[in-house]
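*Asks:* The following block contains the structure, expressed as structure tokens.
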Amino acid sequence: MNFRSCKYILCFAFNFFIFLSQAQIIVPDTICVNKPVEVSTDNNADYIFWHFCSGNLNTQPEGKKIENLNLNEPAFISIVKKDSLYYGFVSNHQTGTISLLSFGDNLNNEPTSIDLGNYNDKVPKHTQGIQIIEDAGYWYCFVTGGQKEDSKLTRINYGTDIENEPTVSEFYFPGVLDYPIDLEIMYDNNNWYGFSVNYNTGMLTKYDFGNSLANTPKATNIGKQNTFTNPCGIAQHEENGNKYLFITNFTGNTISKIDFGNSYANIPAIEHFAPNEQLLYPFDLSIIADCEKTYGFVLNRYGDMVRMDFSSIDSEPEFVSQGKLDYLFNPQGISNVIRQGDTLYSFVANIDNSSISRIMYPTCAVASPSWAENSKNNTVVYSQTGNYNIRLETKTPDGTRTEYCKNVIVVENPEVELPEEVLLIPGEIATLDAGSQHSSIKWSTGETSQTINTVIYKWYYVTVTNEFGCETTDSVEVKFAGIPEVITPNNDGFNDVFELRFIEKYPETKVSIYDRFGNIVVSYKAIEYTWDGSYSNNTPVKPDTYWYVIDLGKDNNIQKGKISVIRN
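269 is the number that this note's numbering gives to position 62 of the sequence shown; each next residue is one higher, with no gaps.
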């Protein structure tokens, strides 16, 4: 069996590609913004490529409307990759037809569209769910739709090539199907199963194909009538060996989780999630596991999308509104998510204006460097806080590519705001405060308290650490209060001399004045003399900036700075 279809799981753009967890990426879970962090691996592959800021489903998406595709009220879309090319199959609700979109080798290309028609009316009227899937080298397209007795499942067999002329089979299940909307088909333990939701009866239909999609399926309903309230969308998910379905209840404004345990053959348990405000006529959804996390995306009927964040698949998700997106127009069906390179893509069928919307989660631009090649050890800096994915690609000599992914959180550094300087009057005490709510504090004096007291004139440094281990260092200079910065020796009685206030508290203070070349201008005992801008021989100095050294003669306390002499 060669199974290469994935309606609601994450698909990748590489052949022979294996996606694994973060095990071989060595980096802290939490990173400090604007601080270097080591990102490394112990993988000894022949080829290594790093993406330090890969597309992330936890961010707000970008989007664009794709028009002029000759669609007719598109209901659902299924994306598939064959060889190096991408295709989209679209169900047209109004005309009961199917359209084929061809993207070429890049999902960011503008697709071409071909109307495949209704295959002699074998495509259901009121066409809804669609899925393209490969089994044993054969490509099958399954379509659901129809009201009451016209409800049916159609299988379109394209053989070994999507573009072949197909054979088409119709399957009616009287008393079972009644306006089936979305469709999901999956392989489990050597058997193929399918599920669709019935809008009119509120029931879930299960299809059993046996060991091949070429077989005629059996159909049975699970649960009682109105187990679900006008269900529309369905998505499958597998995690930790267990199988799940998720269903949107259009008029109930809820999401249902169906837990099958370790096999879709089991009788499931059903749970309903009813968030307060985020869901409003939810139509379709997708469930995606990407980079250590599980997400869901729900389309509300009137143009907004809601993200489901699962802390655990066994717990109720957090519903996060992503707002009304201006590129969605009465959206109905959302495709699988496809990762191509560093960008994640999904596509939405807009039944309102017959367009398709491309949703993108591109790479970010806050990591420096953004990538690295053939290096096991790297130093990376993130310039903004946020949630980021680090991807590691490796390749073996036989061409097998393996990807590892690690999600990291970049957090703020702690804040500490010491003043630039503290002017201290002799005889008083300066109190320096590093602030509260730090995990640890260390002053240059060796003290670890929030505040320290000092009478010493010098620079003080403090390093604070938050709960994530992020550090911030700040400094403050405790300066002698009363040291002038400018003198204007013109005998007007204002700022004529370099006078040190409160000097009587330090009677042994010595002052030395130097010019810009380091030559001594004058040296004196401060309590006996005040400098008036002259040399020791009373010759006036030229207007300029001079440097002083003040030795207080106590505790080796020396003050240095500059003094400007201005003459009018």
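Cβ atoms here follow ideal geometry from the backbone N, Cα and C, with glycine treated the same way.
Bear in mind the structure is a predicted one, so any value in this text is a computation, not a measurement.
1) Is DSSP giving Ile225 helix, strand or coil here?
2) Measure from the alpha carbon of Gln657 to the alpha carbon of each residue in Val669, Ile663, Tyr664 and Lys665, then state which is nearest.
3) What are the boundary residues of the beta strand (DSSP E) that Glu619 is part of?
4) Return yes when the Cβ of Ser590 is within less than 8 Å of the Cβ of Asn241, no when it is not.
5) Between the region 414-426 and the region 447-454, do at least 3 Cβ pairs fall closer than 8 Å?
6) Going by DSSP, which residues form a beta bridge with Cys612?
7) Have a look at Thr680 and Val297 and give me their C-alpha separation to the nearest angstrom.
8) Quick check: Lys686 and Val629, are their CB atoms within less than 8 Å of each other?
9) Smallest Cα separation from Ile663: which of Asn764, Phe526 and Arg723?
10) Can you find the residues in the same chain that come closer than 6 Å, C-beta to C-beta, to Pro714, ignoring five residues on each side of it along the sequence?
11) May I have the straight-line CA-CA distance separating Asn581 from Tyr254, to the nearest angstrom?
12) Taking the C-alpha atoms as reference points, what is the distance between Asn435 and Thr304?
13) Quick one, which of Ile340, Gly382 and Gly336 has its alpha-carbon nearest Gly352's?
14) With respect to the beta strand (DSSP E) encompassing Gln443, which residues constitute its N-terminal and C-terminal limits?
15) Just to confirm my understanding: we take Ile558, look at its own chain, exclude 5 residues before and 5 after, and list those with CB closer than 7 Å. What are they?
16) Take the Cβ of Gln267 as the centre, count every other Cβ of all protein chains shown within 10 Å, and call the residue buried at 16 or more, exposed below.
17) Excluding the 5 residues flanking Asp385 on each side, which residues of the same chain have their C-beta closer than 7 Å to its C-beta?
18) With burial defined as no fewer than 16 other Cβ atoms inside 10 Å of the residue's Cβ, what is the status of Leu411: buried or exposed?
19) Whole angstroms are fine: how far does the CA of Ile273 sit from the CA of Val527?
20) With DSSP run on the structure shown, which of helix, strand or coil describes Asp559?
21) Please return the same chain residues whose Cβ sits closer than 7 Å to the Cβ of Trp666, not counting the five positions on each side in sequence.
22) When you compare each of Lys431, Pro524, Lys583 and Asn313 to Thr248 by their alpha carbons, which one comes out closest?
23) First and last residue of the beta strand (DSSP E) that includes Ser247?
24) Give the DSSP-derived three-state secondary structure of Asp415 in the structure shown.
25) Expressed to the nearest angstrom, what Euclidean distance is found between the alpha-carbon atoms of Asn325 and Ser403?
26) With DSSP collapsed to three states, give me the class of Ile710.
27) Starting from Gln529, follow the beta strand (DSSP E) in both directions and report where the run begins and ends.
28) Taking the CB atoms as reference points, tell me whether Thr361 and Val383 lie closer together than 8 Å.
29) For Lys500, list the residues DSSP reports as bridge partners.
*Replies:* If we stick to the structure as given:
1) With a pLDDT of only 43 at Ile225, under 50, the local geometry of the prediction cannot be trusted, and the value read off the model is given with reservation. Strand.
2) For Gln657, the nearest C-alpha among the options comes from Val669.
3) From DSSP, Glu619 is part of no beta strand (DSSP E); its letter is neither H nor E.
4) The Cβ atoms of Asn241 and Ser590 sit closer than 8 Å to each other.
5) The region 414-426 makes no contact with the region 447-454; the number of CB pairs closer than 8 Å stays below 3.
6) In the DSSP secondary-structure assignment, Cys612 is bridged to Arg598.
7) Cα-Cα distance, rounded: 58 Å.
8) Yes, Cβ-Cβ distance for Lys686 and Val629 is below 8 Å.
9) Ranking the options by Cα distance to Ile663, first place goes to Asn764.
10) The residues are Ile734.
11) Asn581 and Tyr254: Cα-Cα distance of roughly 6 Å.
12) Looking at the sequence provided, one finds Phe at residue 435 rather than Asn. Between Phe435 and Thr304, the C-alpha separation is close to 28 Å.
13) The residue among Ile340, Gly382 and Gly336 with its C-alpha nearest the C-alpha of Gly352 is Gly336.
14) From DSSP, the beta strand (DSSP E) with Gln443 extends over Pro438 to Glu446.
15) Only Glu280, Pro281, Ala282, His300, Asn537 and Gln539 meet the Cβ criterion.
16) Exposed, since its Cβ has fewer than 16 Cβ neighbours within 10 Å.
17) Excluding residues within five positions, the ones whose Cβ falls inside 7 Å are Lys355, Ser358, Asn405, Asn407 and Thr408.
18) The Cβ neighbour count for Leu411, taken over all protein chains shown within 10 Å, is at least 16; the residue is labelled buried.
19) Here the C-alpha atom of Val527 lies approximately 26 Å from the C-alpha atom of Ile273.
20) The answer is coil: DSSP assigns Asp559 none of H, G, I, E or B.
21) Excluding sequence neighbours, Trp666 sits near Ser682 and Glu684.
22) Thr248 has its Cα closest to that of Lys583, out of Lys431, Pro524, Lys583 and Asn313.
23) It spans Val244 to Ser247 - the beta strand (DSSP E) in which Ser247 sits, taken as one unbroken run.
24) Strand, per DSSP.
25) Computed Cα separation, rounded: 20 Å.
26) Residue state, collapsed to three classes: helix.
27) Element bounds for Gln529: Glu525 to Lys531.
28) No, Cβ-Cβ distance for Thr361 and Val383 is not below 8 Å.
29) Lys500 pairs with Asp497.
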